[in-house]
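In our numbering, the protein residues as written are 8 to 371.
Working notes, structure below.
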């Protein structure tokens with residue numbers, strides 16, 4: 008929609024409203040994104056701070072030495088609530104980051120991530136958010152659906168599950184080499200459109216009895232009660248388009264992304280397709296009657312045409328065929344190159360506490 012009324016966050020344009028809701032309603036038809044521009048901004052960091060951050064995230068010579076050609080490394084005995092900061096310090100050393108950096112800049116933040124994550128300790132995010140323990144976490148490259156992503160991620164085990172919960176890593180070089188060539192060409196040609204439908208917590212509480220189930224509110228996702236600030240935060244990570252439903256306050260965000268990244272002069276898949284397709288975390292089947300494009304998470308081809316089940320099944324098969332399983336014990340951590348490996352987990356029983364740390368975010 009290019010209506011001038013669509014530039015307002017309180018847009019009531021029927022065409023704009025329908026552009027978001029009917030995004031994937033017609034199979035195999037390329038559907039354009041709704042368009043909004045923002046006259047909003049937040050303060051920009053000083054030049055010296057930007058240069059410092061670029062220095063910290065740019066090179067990973069020391070990280071490559073530490074992680075080796077495999078692109079991941081298990082660290083034992085570095086995670087403990089009794090010694091806060093030990094996990095963070097260990098993984099920052101692993102990816103070659105200077106400990107003199109201010110704590111709030113030392114690791115990447117999860118603002119604009121697909122779910123709201125509480126912190127286990129400063130800078131360490133609880134991975135439990137999003138996927139119920141009864142269901143597996145689908146393979147994904149961390150924040151591959153945003154414009155800013157971490158080169159490295161680390162998972163630290165505070166409490167090991169009673170059964171299951173293994174961390175899974177899928178080698179994206181091998182996946183790229185093994186996937187059907189026609190499907191790979193389609194991924195490279197069209198890219199992926201990720202959709203996030205974030206509900207309004209205020210409206211949801213007002214209509215709690217009749218409101219549909221929810222997965223994530225935009226207030227929690229962007230840590231604000233002001234929708235204008237939420238949209239600004241979304242655009243800071245270079246979201247492509249957004250739509251605010253004037254009736255129920257749902258904020259829909261559409262993100263068109265390339266399906267590959269350059270890794271040592273080689274194009275390698277970097278996606279969250281399995282993590283988004285048809286919302287795989289509906290453990291109680293609460294969203295069964297919700298159209299795919301209106302579910303909390305959804306993805307389609309970059310031109311708006313639908314992805315077919317056989318394409319998704321093939322990608323899932325290839326990712327699992329090129330994966331390894333790590334059974335982290337309490338106190339263990341694994342540092343992972345987010346370009347070389349996608350990650351997921353198996354279902355588990357009992358209590359489990361895993362923390363996530365990301366290296367400072369960098370632009371694609």
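All residues carry an ideal CB built from backbone N, CA and C; glycine is no exception.
What are the residues that DSSP puts in a beta bridge with residue 275? 268
Any chance you could list the alpha helix (DSSP H) runs of at least 4 consecutive residues sitting entirely within the region 152-213, in chain order? 179-185, 188-197, 208-213
By the 10 Å Cβ neighbour count, where 16 or more other Cβ atoms means buried, how is residue 149 classified, buried or exposed? buried
Flag this pair as touching only if the region 358-365 and the region 150-169 have three or more C-beta atom pairs under 8 Å; answer yes or no. yes
With C-beta atoms as the reference, is residue 353 less than 8 Å away from residue 76? no
Considering only DSSP beta bridges, list what residue 82 is partnered with. 340
What number of angstroms, rounded off, separates the C-alpha of residue 313 from the C-alpha of residue 186? 19 Å
Please return the same chain residues whose Cβ sits closer than 8 Å to the Cβ of residue 55, not counting the five positions on each side in sequence. With a pLDDT of 43 at residue 55, under the threshold of 50, the modelled position of this residue cannot be trusted; read the value that follows with caution. There are no such residues.
Taking the beta carbon of residue 206 as the centre, do at least 16 other beta carbons fall within 10 Å, making it buried, or is it exposed? buried
When burial is assigned at 16 or more other CB atoms within 10 Å of the CB, is residue 305 buried or exposed? buried
Stretch-stretch touch, CB-based, cutoff 8 Å, three pairs: the region 195-204 with the region 261-270: yes
Among 280, 227, 328, which has the Cα closest to the Cα of residue 257? 227
Spatially closest choice to residue 92 from 81, 74, 180, 126, by CA coordinates: 126
Go through its chain and collect everything with a Cβ distance to residue 52's Cβ below 6 Å, but skip five positions before and after it. Confidence at residue 52 is low in this model, with a pLDDT of 39, below 50, so its placement is unreliable and no value can be given for it.
With DSSP as the reference, please indicate the residues paired to residue 288 in a beta bridge. According to DSSP, residue 288 bridges with nothing at all.
Exposure label - residue 368; buried when at least 16 CB within 10 Å: buried
Cutoff 8 Å; reference residue 358; Cβ partners in own chain excluding five residues on either side: 166, 168, 169
Assign residue 373 to buried or exposed, taking buried as 16 or more other Cβ atoms, counted over all protein chains shown, within 10 Å of its Cβ. No answer is possible for residue 373: the residues shown for the chain start at 8 and end at 371.
Quick one: what's residue 363 bridged to in DSSP? 132, 162
Less than 8 Å between the C-beta atoms of residue 341 and residue 129, yes or no? no
Going straight from the alpha carbon of residue 296 to that of residue 285, what length do you get? 12 Å
In the DSSP output, which residue or residues are listed as bridge partners for residue 261? 202, 248
State buried or exposed for residue 345, treating a residue as buried only when at least 16 other CB atoms are found within 10 Å of its CB. buried
Closer than 6 Å by C-beta to residue 319: which residues in its own chain qualify, once you throw out the five before and the five after it? Chain order, please. 284
Are residue 5 and residue 251 touching if we call contact CB-CB under 8 Å? The structure shown does not extend to residue 5, since the chain is modelled only from 8 to 371, so the question has no answer here.
Among 172, 94, 188, 211, whose alpha-carbon lies nearest the alpha-carbon of residue 161? 94
Bridge-paired residues (DSSP) for residue 333: 174
Anticipated Cβ contact below 8 Å, residue 349 with residue 73, distance rounded: The pair is not a contact, with the Cβ atoms about 20 Å apart (cut-off 8 Å).
Candidates 237, 231, 325, of which the one nearest residue 276 by Cα: 325
Test item: CB-CB of residue 86 and residue 338 under 8 Å: yes
Identify the residues that DSSP records as bridge partners of residue 349: which are they? 177
Taking only the alpha-carbon atoms, compute the straight-line gap between residue 273 and residue 184 and give it to the nearest angstrom. 11 Å
Looking at the unbroken alpha helix (DSSP H) that takes in residue 226, where does it start and where does it end? 225-228
Within 10 angstroms of its Cβ, does residue 83 collect 16 or more other Cβ (buried), or is it exposed? exposed
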